[in-house]
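Peer 1: One gets our numbering by counting positions in the sequence shown from 1 and adding 2 to each.
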Amino acid sequence: MRKLFRRADIIIIIAVLFLSFLLFIPNLFNNDSLVASVYVDGEQTEEINLDKVEGDYAFSPKKGTVISVKKGAICFSEATCRDKICVDSGWLTAKGQTSACLPERVVITINGTDKTDMMTY
Numbered sequence: 003m004r005k006l007f008r009r010a011d012i013i014i015i016i017a018v019l020f021l022s023f024l025l026f027i028p029n030l031f032n033n034d035s036l037v038a039s040v041y042v043d044g045e046q047t048e049e050i051n052l053d054k055v056e057g058d059y060a061f062s063p064k065k066g067t068v069i070s071v072k073k074g075a076i077c078f079s080e081a082t083c084r085d086k087i088c089v090d091s092g093w094l095t096a097k098g099q100t101s102a103c104l105p106e107r108v109v110i111t112i113n114g115t116d117k118t119d120m121m122t123y
């Protein structure tokens, strides 16, 4: 009866698993903090460091919208627009995410504090 894996197969599998783990090490030690920017009518009105938020709170940058903030996340919780796409977009938790309420002209973007846009190996 023939074995399913030979010794060389097991060594190759272990090597591939080890190398794939090495690719994720930079993400484990990522010190990048998330900063949310709120724009109303094209001008930045708020800048919130999401990693330093102590408790959950909400604020209204314009009469018809309410933005909720918690540690590491931000979202539109209420809006007066008809379709409510901004509310349906949910919590923004990662660098590069954006949500906008176009009828109210309010935009939320998430940025990081590091200067790199992309890492290549």
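Note that CB positions come from ideal geometry on N, CA and C, so glycine has one too.
#1: Residues in the same chain with beta-carbon distance under 8 Å from A60, minus the five sequence neighbours each way, listed in chain order, please.
#2: If we ignore side chains and look at the alpha-carbon of each, how far apart do L52 and L94 end up?
#3: Have a look at D34 and A10 and give me their C-alpha separation to the nearest angstrom.
#4: Could you spell out where the alpha helix (DSSP H) holding C88 opens and where it closes?
#5: Between which two residues does the beta strand (DSSP E) harbouring C83 extend?
#6: In angstroms with no decimal places, state the Cα-to-Cα distance between I12 and K5.
#7: How should V109 be labelled, buried or exposed, when 16 other C-beta atoms within 10 angstroms of its C-beta is the threshold for buried?
Peer 2: Concretely, from the data shown:
#1: As a working note, residue 60 is residue 58 in the sequence shown. If we look at A60 and ignore the five residues flanking it on each side, its Cβ neighbours are V68, I69, S70, V71, S79.
#2: Against the sequence shown, residue 52 aligns to sequence position 50. Against the sequence shown, residue 94 aligns to sequence position 92. The straight-line gap from Cα to Cα measures roughly 10 Å.
#3: As a first step, residue 34 must be located in the sequence shown, where it is residue number 32. As a first step, residue 10 must be located in the sequence shown, where it is residue number 8. Using only the alpha carbons, I get a separation of about 40 Å.
#4: Translated into the one-based positions of the sequence shown, residue 88 becomes position 86. For C88, the enclosing alpha helix (DSSP H) has its first and last residue at 87-90.
#5: In the sequence shown, the residue the question calls residue 83 occupies position 81. That residue, C83, is in no beta strand (DSSP E); it is neither H nor E in DSSP.
#6: As a position in the sequence shown, residue 12 is number 10, starting the count at 1. As a position in the sequence shown, residue 5 is number 3, starting the count at 1. The straight-line gap from Cα to Cα measures roughly 12 Å.
#7: Reading the sequence shown from its first residue, position 107 is the one you call residue 109. Buried, since its Cβ has 16 or more Cβ neighbours within 10 Å.
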